[in-house]
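Report on the following structure.
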Amino acid sequence: MEMIRPAVRADKVFLIKYKGDLHILHLEFETGADNKMDARMLAYNSILFHQYSVPVISILIYPFKTTMVTAPLIIKNKDGVLTHFNFQVLPLFTLKAEQYVRAHATCIYPLLPTMQGVNHQLIQQVMEELAELYREDEVTLAKQYAWMKLLLERTTMVPLDEKLKIMEALNMFDKLWNESPMVQKMKEESEARGEARGKAEGELAGLQRTLVNIVKIRFPSLVDLAQRKAAQMNNTGAIDLLIEQIVAANDESIARWLLSLNAA
């Protein structure tokens, strides 16, 4: 047998100090059912340990209700246990949103729509707090805002009537998103490309090309997926929104999810 090292890309990896010692913190987000996810977590853990030679803490995060793997991963044969891999499984949909707001855990705020007890008053409070915290960092604020809207669209934890009220509360902060330098730059590039290609090709074709070009720059491995989705979409507003979401995406897995979610 020939061993081929798999091409893997973890969602979030941080170098941290835990109980006084250096560790790698690996956070992996999984939005659907994958019965081999525990094996993937082991692969990520092993590669990170091999590369950095420090202990790796692995946490698998489930934002939405789905079939989850369980920890630990135990591999054994007739002689006994060969591998015992400990990792943490964190189902966000079992957590109470209010406790994180009371603790002012702002790093968790973008994930609040996936938790229990979310309502429009809570989100209004959260957005005001984030606006104050990032008043001099519009790019980060825009990303936090975009994450909350994306997760709110997908979550089933919030009743429809309350979700509409939350969207109204979030829409009050649309100006923060639209005035973000990052978004303005991408819109300017979109307009420039559209003009360069000629008015005859129309706004739709220009936006389709812009979507593909942005994905080509940020997530080259997703170009084929972006081309297929762009060809299927015929609503300029929907494509424009998808472009903004792709710009705000922090990693490839989120971008892949967005391209699939927003297929027209």
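Counted the way our numbering counts, the sequence shown spans residues 1 to 264.
Note that CB positions come from ideal geometry on N, CA and C, so glycine has one too.
Bridge-paired residues (DSSP) for LEU27:
LYS12 and ILE59
So, with DSSP's three-state summary, where would you put ASP21?
It is a strand residue.
Proximal residues to LEU309 (C-beta, below 6 angstroms), its chain only, five neighbours per side dropped
As displayed, the chain neither begins before 1 nor continues past 264, which places residue 309 out of reach and without an answer.
Cβ-Cβ separation, GLN125 to VAL101 (assumed contact under 8 angstroms), whole Å:
7 angstroms
What is the C-beta distance between ILE57 and HIS26, in whole angstroms, given that I count them as a contact (C-beta under 8 angstroms)?
7 angstroms
Just grab the DSSP bridge partners of VAL89 for me.
Per DSSP, LEU60.
Those residues which DSSP pairs with HIS120 across a bridge:
DSSP lists no partner for HIS120.
Which same chain residues, not among the five before or five after PHE49, have their C-beta less than 8 angstroms away from its C-beta?
ILE24, PRO55 and VAL56
Please classify PHE219 as buried or exposed, where buried requires at least 16 other C-beta atoms within 10 Å of its C-beta.
buried
Give a yes or no on contact between the segment 70 to 88 and the segment 109 to 116, applying the rule of three or more CB pairs nearer than 8 angstroms.
Touching, no, given that fewer than three Cβ pairs across the two stretches are closer than 8 angstroms.
Spatial distance of GLY237 from PHE29 (CA atoms):
The straight-line gap separating the alpha-carbon atoms of GLY237 and PHE29 is approximately 28 angstroms.
Quick one: give me the first and last residue of the beta strand (DSSP E) that LEU150 is part of.
Taken as a continuous stretch (DSSP letters only), LEU150 belongs to no beta strand (DSSP E), being part of the alpha helix (DSSP H) at 138 to 154.
For TYR52, which residues from the same chain have a beta carbon less than 7 angstroms from its beta carbon, with the 5 sequence-adjacent residues on both sides left out?
ILE24.
Less than 8 angstroms between the CB atoms is what I'm expecting for LEU207 and ALA226, so what's the real figure, rounded?
Not a contact, Cβ separation roughly 12 angstroms.
Which word fits ILE166, buried or exposed, when buried means at least 16 other C-beta atoms lie within 10 angstroms of its C-beta?
buried
How about ALA169 and ILE217: are their beta carbons less than 8 angstroms apart?
no
What number of angstroms, rounded off, separates the C-alpha of TYR134 from the C-alpha of THR106?
11 angstroms
So what's VAL81 in DSSP terms, helix, strand or just coil?
strand
Here's the rule I'm using: 16 or more other beta-carbon atoms within 10 Å means buried, otherwise exposed. How should ASN45 be labelled?
Buried.
For a test of the three-state rule: what should DSSP assign to LEU73, helix, strand or coil?
strand
For ALA200, three-class secondary structure by DSSP:
At ALA200 the pLDDT is 37, less than 50, meaning the model places this residue with poor confidence and gives no usable figure here.
For the candidate residues ILE61, ASN235, ARG256 and TRP147, whose alpha-carbon lies nearest to that of ALA205?
For the residues ILE61, ASN235, ARG256 and TRP147, the minimum Cα distance to ALA205 belongs to ASN235.
What is the rounded straight-line gap between the Cα of LEU95 and the Cα of PHE64?
11 angstroms
Residues near GLU162 by beta carbon distance below 6 angstroms, same chain, minus five either side
ASN119
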